[in-house]
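Under this note's numbering, think of the first position of the sequence shown as 23, with each following residue one higher.
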Amino acid sequence: MSNLARFNPFSELRDPFSDDFFKGFALRPVYRLMEGEPQMRLDLSEDDKNFFVKAEIPGVNKDDIKVSVDGNQVSVSAEVKKEKEEKEGAKLIRCERYYGSVSRSFTLDESVDQSAAVAKYENGVLQLTLPKKPNGQSRMLKIA
């Protein structure tokens, strides 16, 4: 019985030019082209009186962060603006930082007291303290 070998028509196409062509190609993060915009990561916790949100938004100026609370719906958006930095005789070799906007919305189990909500941004982390709105106590009505 003879040995069979699978025919690969592309195996002969490799030449020295292709070695030079792909030299350094592994240094380029091609996979990042397909990732799209970065996601805002957040932690959500609660106690009896408040919801607590910690959202990672590094590299953003606090004036470019918007927080909206409508009942039990919370939306956080931020925009990273590209800096105009041009030096004479210098050229950009690689640009991996993200410029654009990110946003995240979520629904809480209870409504939020918007007037007492507090937001703080420090070291790339947005911290929200969202007090729960007191629910009306149910009571039995006496029929007259």
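For glycine and all other residues, C-beta sits at the position ideal for the given N, C-alpha and C.
From a predicted model like this one, the values you see are computed outputs, not experimental measurements.
Tyr120: not part of any beta strand (DSSP E); DSSP gives it neither H nor E. By the 16-neighbour rule on beta-carbons within 10 angstroms, Lys88 is exposed. Counting only the Cα atoms, Asp135 lies some 51 Å from Lys113. In the displayed model, Lys142 falls within a strand according to three-state DSSP. Distance between Asn83 and Gly122, taken at the CA atoms: about 13 Å. Within the same chain, Cβ atoms closer than 8 Å to the Cβ of Gly146 are found at Glu78, Ile79, Pro80, Gly81, Val82, the five residues on either side in sequence being excluded.
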